[in-house]
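Asker:
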Ligand code: UDP
Ligand code: MG
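Residue numbers (this note's numbering): 463 to 773.
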């Protein structure tokens, strides 16, 4: 029998956990010829989440949990869950039922029958979300597409099922600053997208403040793009060009046309030239720095999906 690992990051989810367990259990039990395990990650909750998880694991041997010593963030929770998973397939799902559990069935069918390595979900609308948050979310995805070679799909959710091979390759990316949406895309593999209407949380509150989301999107850009550094070099180069133009103007005025050049013009020239050169130098330096930065991440050079030895 094939095993599916259900990975659930939880931060203060006491209100939704019993309902989540009931709903998913119903779906999983309808699936024939598969067994499953739950891996709950208590991400430093300060409510009764851990107590509930302990109770569940005593009652149901398919329930496993890890409890972090403090809040390490959803990214760390997902990594820990994937690391612990032993199933042939792993599905990451939120505890608040915003990710409809019945889709697990469909995801499994697609992986089995259609030859994909991963099934991911994206929301097609953002009903119920503050307008300003949706606006910035769209802006982020657009910006990300321009800034990086990595494809991050607008509305992408963390709800996805993956094959073991894909999970292993995600685990091989051991970088500390993690941005999973980028990592899923970086590792490649064939992914089928399922579109999904936005669903409201059944209870409890979102753990993401606007500021936390902003920080997370900056993380995404910095983790997968070094273009901002190139802009610095480009701006410096531009300033240098302008100062060269001014320099030529000053030489022509004072040495050929014998006109007096105002001191303002001369100092502007000096100022532009010096700051342009500094910025350009900084840009070049950062370029080397960006290479070093990528080296320290120790990302795999390539990821193998299949070889003759698998057969
Ligand atoms: N979560 C977590 N650690 C965090 C923040 C969130 O494990 O630091 C979990 C949370 O318990 C939930 C999932 O990640 O199961 C998604 O969080 P949330 O529903 O708050 O985010 P939203 O759906 O509003 O984006
Ligand atoms: Mg949620």
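A virtual CB, placed ideally from N, CA and C, is assigned to each residue, including glycine.
Please report how far the alpha carbon of residue 640 lies from the alpha carbon of residue 747, in whole angstroms.
Answerer: 25 Å
Asker: From this set, 628, 636, 635 and 666, which residue's C-alpha is nearest residue 651's C-alpha?
Answerer: Of 628, 636, 635 and 666, the smallest CA-CA separation from residue 651 is found for 628.
Asker: Quick one: any contact between the region 690-703 and the region 737-755, if contact means 3 or more CB pairs under 8 Å?
Answerer: yes
Asker: How about the region 730-743 and the region 607-621: do they share at least three Cβ pairs that are nearer than 8 Å?
Answerer: no
Asker: What does a CB cutoff of less than 8 Å around residue 474 pick up in its chain, not counting 5 residues either side in sequence?
Answerer: 507, 508, 509, 511, 666 and 669
Asker: Count the other CB atoms, across all protein chains shown, that sit within 10 Å of the CB of residue 772; report buried if there are 16 or more and exposed otherwise.
Answerer: exposed
Asker: Following the continuous alpha helix (DSSP H) through residue 710, name the residue where it begins and the one where it ends.
Answerer: Per DSSP, residue 710 belongs to the alpha helix (DSSP H) from 689-713.
Asker: Below 8 Å between beta carbons: does that hold for residue 567 and residue 489?
Answerer: yes
Asker: Can you list the beta strand (DSSP E) stretches of 3 or more residues lying completely in the region 506-566, in chain order?
Answerer: Here the runs fully enclosed are 525-529 and 551-554.
Asker: Please write down, chain order preserved, every residue whose beta carbon lies under 6 Å from a heavy atom of the ligand MG.
Answerer: 556, 558, 560, 663 and 668
Asker: What are the start and end residues of the alpha helix (DSSP H) that includes residue 643?
Answerer: 642-648
Asker: Taking residue 706 as the reference, give the member of 721, 739 and 717 with the closest Cα.
Answerer: 739
Asker: Find out if the Cβ-Cβ distance for the pair residue 572, residue 468 is shorter than 8 Å.
Answerer: no
Asker: Indicate the three-state DSSP secondary structure (helix, strand or coil) for residue 582 in the structure shown.
Answerer: strand
Asker: Can you check which of these residues, 569, 503, 561 and 644, is closest to residue 551 by C-alpha distance?
Answerer: 569
Asker: Within the present structure, is the beta-carbon of residue 485 separated from the nearest heavy atom of the ligand UDP by less than 7 Å?
Answerer: For residue 485, the shortest C-beta to heavy atom distance toward the ligand UDP is 7 Å or greater.
Asker: Output the boundary residues of the beta strand (DSSP E) element that contains residue 765.
Answerer: Counting along the chain, residue 765 falls outside any beta strand (DSSP E), and DSSP gives it neither H nor E.
Asker: Can you grab the Cα-Cα spacing for the pair residue 535 / residue 630, in whole Å?
Answerer: A direct Cα-Cα distance of roughly 21 Å separates residue 535 from residue 630.
Asker: Could you round the C-beta distance between residue 585 and residue 658 to whole angstroms and report it? I think they count as a contact, below 8 Å.
Answerer: 5 Å
Asker: Scan the region 580-645 and note each continuous beta strand (DSSP E) run of 3 residues or more that stays entirely inside, going in chain order.
Answerer: 580-585 and 618-625
Asker: So, with DSSP's three-state summary, where would you put residue 723?
Answerer: Here residue 723 sits in coil by DSSP.
Asker: Verify the contact flag: residue 509, CB atom, against every heavy atom of the ligand UDP, threshold strictly below 7 Å.
Answerer: no
Asker: From residue 541 to residue 636, what does the alpha carbon distance come to, in whole angstroms?
Answerer: 9 Å
Asker: Can you confirm whether the region 520-534 touches the region 601-608 when touching is taken to mean that 3 or more C-beta pairs between the two stretches lie within less than 8 Å?
Answerer: no
Asker: Under the three-state reduction of DSSP, which class applies to residue 729: helix, strand or coil?
Answerer: helix
Asker: Name the residue from 632, 656, 661 and 660 whose alpha carbon lies nearest to the alpha carbon of residue 649.
Answerer: 632
Asker: Work out the CA separation of residue 749 and residue 714 for me, nearest whole Å.
Answerer: About 36 Å.
Asker: For residue 553, collect the residues of the same chain with a Cβ closer than 8 Å to its Cβ; drop the 5 residues on either side in sequence, then sort them by chain order.
Answerer: 466, 467, 468, 469, 566, 569, 621, 622, 623 and 624
Asker: Please name the residue, chosen from 504, 463 and 757, that lies closest to residue 494 on a Cα-to-Cα basis.
Answerer: Comparing Cα-Cα distances from residue 494 to each of 504, 463 and 757, the minimum goes to 463.
Asker: Helix, strand or coil for residue 668 per DSSP?
Answerer: coil
Asker: To which residues of the same chain is residue 562 closer than 8 Å at the C-beta, ignoring the five residues directly before and after it?
Answerer: 658 and 661
Asker: Can you grab the Cα-Cα spacing for the pair residue 703 / residue 685, in whole Å?
Answerer: Those two C-alpha atoms are separated by around 31 Å.
Asker: Looking only at its own chain, which residues have a Cβ that is under 8 Å from the Cβ of residue 498, when we skip the five neighbours before and after it?
Answerer: 465, 466, 467, 468, 490, 524 and 549
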